[in-house]
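**Q**
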Amino acid sequence: MATAVFECIRISEETSCSVRIIGEPDDVVQAAHDHLVHTHGLTAGNELKQKVTGAVEEHQTKYAIWGH
154 MATAVFECIR ISEETSCSVR IIGEPDDVVQ AAHDHLVHTH GLTAGNELKQ KVTGAVEEHQ
214 TKYAIWGH
C-alpha cells in the first residue's frame, strides 16, 4: 500500500515549519493545501494544489502484525 507524505518545509520557504502530513494521497494533498492556506496565508486554489501535489512523495508502507 502506498502512503503519501507531505513536508511543509519543502513548500513554505519563508518559514522552517516542521509539519509533516502522512496518509492517503488525496487526503494528504487536501490537508496540506488547507494547512498552507490557514497557517501560512497562501492563496487557496488549483495552482497551490498543483504545487502541493508536486511536493507529495509516495512511500511503500508495509504493515506487520505483532507477534507474527
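According to the working numbering, the sequence shown holds residues 154 to 221 in order.
Glycine included, every Cβ here is placed at the ideal spot set by N, Cα and C.
It should be emphasised that the depicted structure is a prediction, and the values quoted were computed from it without experimental measurement.
#1: For E200 and V209, I'd like the C-alpha separation in whole angstroms.
#2: With the cut-off set at 9 Å, would you say T156 and G176 are in Cβ contact?
#3: Do you know how far the Cα of T168 is from the Cα of D180?
#4: Please report the distance separating the alpha-carbon of A197 from that of V182.
#5: State the CB to CB distance for the pair V172 and H186, rounded to an integer number of angstroms; the pair is presumed to be in contact (CB under 8 Å).
#6: Considering only the alpha carbon of each residue, which of E211, I164, T206 lies closest to G194?
**A** If we stick to the structure as given:
#1: 15 Å
#2: yes
#3: 23 Å
#4: 12 Å
#5: Not quite, the Cβ-Cβ distance comes to about 13 Å (not below 8 Å), so this is no contact.
#6: Taking only the C-alpha atoms, the option nearest G194 is I164.
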